[in-house]
Structures are given as C-alpha cells and as structure tokens.
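S.K.: In terms of the UniProt record's numbering, the numbers along the sequence shown are unbroken and rise by one, the last being 91. Cβ atoms here follow ideal geometry from the backbone N, Cα and C, with glycine treated the same way. Have a look at this one.
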Amino acid sequence: MAPNTNELQAISTAWQIAIQEILRMVIRDMYHGAGEAAFSAHIKRIEEAAVDSIQTDLRLRATSEWTEMLVKERASNFVTTLLTSFTYDRA
C-alpha cells in the first residue's frame, strides 16, 4: 500500500530538516574561523555554484522537459532558501 499524502509530506519535511541541520553544522565548522564576512562570502559562493550546477548539469531520465524544468526550479529555490537561512554564529 502506498503511503498517504500526509505521510509523504512528513517524510519530505523530515528529510529537509535533517539535511539542513547537517549542512548547517558542516558549513559552520568549515567556515566559521575566518570571520563573518568570509562566512557570508563562502555561503554565497556555495549557493551560486549549487544553483548553476542544478540548472546546467541536472539531467532527469525519463521525464518531460516541463518536469525537468520544474524540478530544477524547485531545487534551485530550495538551495537558495536553505543557504540564506544560515547565519554567522558569533558564539
């Protein structure tokens, strides 16, 4: 039996939260030491590179052009939302 819509939404949300927290810790640990300006520059560079990679390199097999475009758009938006939510922790 296929999972219902609420279960799929809960799984998707849980996955997004888990990835966000893992990335937050990794990025904080990697880039915190150089100061806030360097941290912000690294985040922006990662965001731009990830969005560019999604838009130019992502190829979805057995999908229509419309589906591929929609997935790329949503993935790009997710990257931007995720990375712009990271703030420099002065602690």
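Is DSSP giving F39 helix, strand or coil here?
M.R.: In this structure, F39 counts as helix in the three-state DSSP scheme.
S.K.: Between E65 and V79, what straight-line distance do the alpha-carbon atoms span, to the nearest angstrom?
M.R.: Rounded to whole angstroms, E65 to V79 spans 21 Å at the Cα level.
S.K.: Which residue comes first and which comes last in the alpha helix (DSSP H) that contains F86?
M.R.: Careful: F86 lies outside any alpha helix (DSSP H) and carries neither H nor E.
S.K.: Do you know whose CA, among N6, A38 and I43, lies nearest L23's CA?
M.R.: Of the candidates N6, A38 and I43, the one whose C-alpha sits nearest the C-alpha of L23 is I43.
S.K.: Alpha carbons only, please: which of A62, L8 and R74 is nearest the one belonging to I54?
M.R.: It is R74.
S.K.: According to DSSP, simplified to helix, strand and coil, what is S12?
M.R.: It is helical.
S.K.: Can you look up T63 in the DSSP assignment and give me helix, strand or coil?
M.R.: Coil.
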